[in-house]
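For reference, the structure discussed in these notes is given below.
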Amino acid sequence: METAISILAGVAMSAACGFRVFIPPLVAGIAAMFGYITLPPDFLWLSSPPALIALGAAAAVEVAAYYVPWLDHLLDTITTPAAVVAGTLLTASFITDMSPWLRWTVAVVAGGGVSGAVQVSTVLLRSASTGTTGGFGNFVVSTFEAVSAVGLSVTALAVPLLAIGFLILVLLAAAVFLMRRRAKSSSSQV
Numbered sequence: 009m010e011t012a013i014s015i016l017a018g019v020a021m022s023a024a025c026g027f028r029v030f031i032p033p034l035v036a037g038i039a040a041m042f043g044y045i046t047l048p049p050d051f052l053w054l055s056s057p058p059a060l061i062a063l064g065a066a067a068a069v070e071v072a073a074y075y076v077p078w079l080d081h082l083l084d085t086i087t088t089p090a091a092v093v094a095g096t097l098l099t100a101s102f103i104t105d106m107s108p109w110l111r112w113t114v115a116v117v118a119g120g121g122v123s124g125a126v127q128v129s130t131v132l133l134r135s136a137s138t139g140t141t142g143g144f145g146n147f148v149v150s151t152f153e154a155v156s157a158v159g160l161s162v163t164a165l166a167v168p169l170l171a172i173g174f175l176i177l178v179l180l181a182a183a184v185f186l187m188r189r190r191a192k193s194s195s196s197q198v
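Under the working numbering, the first residue of the sequence shown is numbered 9, with each subsequent residue one higher.
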């Protein structure tokens, strides 16, 4: 059961990387520094003072940069692959009692896949916001993403099952939004 909970927590943290790349590793590093979570030996660097300073600075720059209308779309091209990498690493850092091969397979497929899916959803949401509001609505999208990254990261550490439930709701909402948008676009072309 402990392995399943650690996988769920890692996947939820990875999903948070889809909202903001640097906030979830920062939250995990702080949690490890205070002894709330135990990282495997190959991930102890995550809780080191230099890593926490670097992650804190990167998170602050990332959050601020997403409030600049043209820069947010540029960042999406960079952060999409970065989110997959960060999600993979975070899931691997939470799985401690598995063979390395299985650990990294789960991390790549589940962690990288979920963070990539969330990131693509946010990119599509931002594009829709830009198209319908001329970029003025992106402030709301950016705020939602930053709050979701923090909230999902903290929830993943405290109550992983609740975090997974939230993740499922967000992905379902994104899917419904995209299907409605596609249907509206198709009906306007007819």
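Where a beta carbon is used, it is the ideal one built from N, C-alpha and C, also for glycine. Remember, it's a predicted structure, so these values are computed and weren't measured experimentally.
Contacting residues, own chain, Cβ-Cβ under 7 Å from residue i (five flanking each side not counted)
| i | result |
| --- | --- |
| Ser55 | Gly37, Ala40, Met41 and Leu47 |
Status (buried if at least 16 other CB within 10 Å, exposed otherwise) for residue i
| i | result |
| --- | --- |
| Ile45 | buried |
| Ala181 | exposed |
| Glu10 | exposed |
| Phe144 | exposed |
| Val131 | buried |
| Ser129 | buried |
Three-way DSSP call (helix, strand, coil) for residue i in this model
| i | result |
| --- | --- |
| Val19 | helix |
| Ser156 | helix |
| Gly43 | coil |
| Val29 | coil |
| Ser56 | coil |
| Pro168 | helix |
| Pro48 | coil |
Same chain only: Cβ atoms within 6 Å of residue i, ignoring 5 sequence neighbours per side
| i | result |
| --- | --- |
| Thr88 | Gln127 |
Own chain residues within Cβ distance below 8 Å of residue i, not counting five before or after
| i | result |
| --- | --- |
| Ile15 | Thr99, Phe102, Ile103, Val114 and Ala118 |
Exercise. Could I get the ranges of all uninterrupted alpha helix (DSSP H) runs contained in the region 76-152, with 4 residues as the minimum, in chain order?
Key: 77-102, 108-114 and 121-141
Quiz prompt | Touching by the beta-carbon criterion (3+ pairs, under 8 Å), the region 135-148 and the region 97-113 | solution = Using a C-beta cut-off of 8 Å, the region 135-148 makes no contact with the region 97-113, since fewer than three inter-stretch Cβ pairs fall below that distance.
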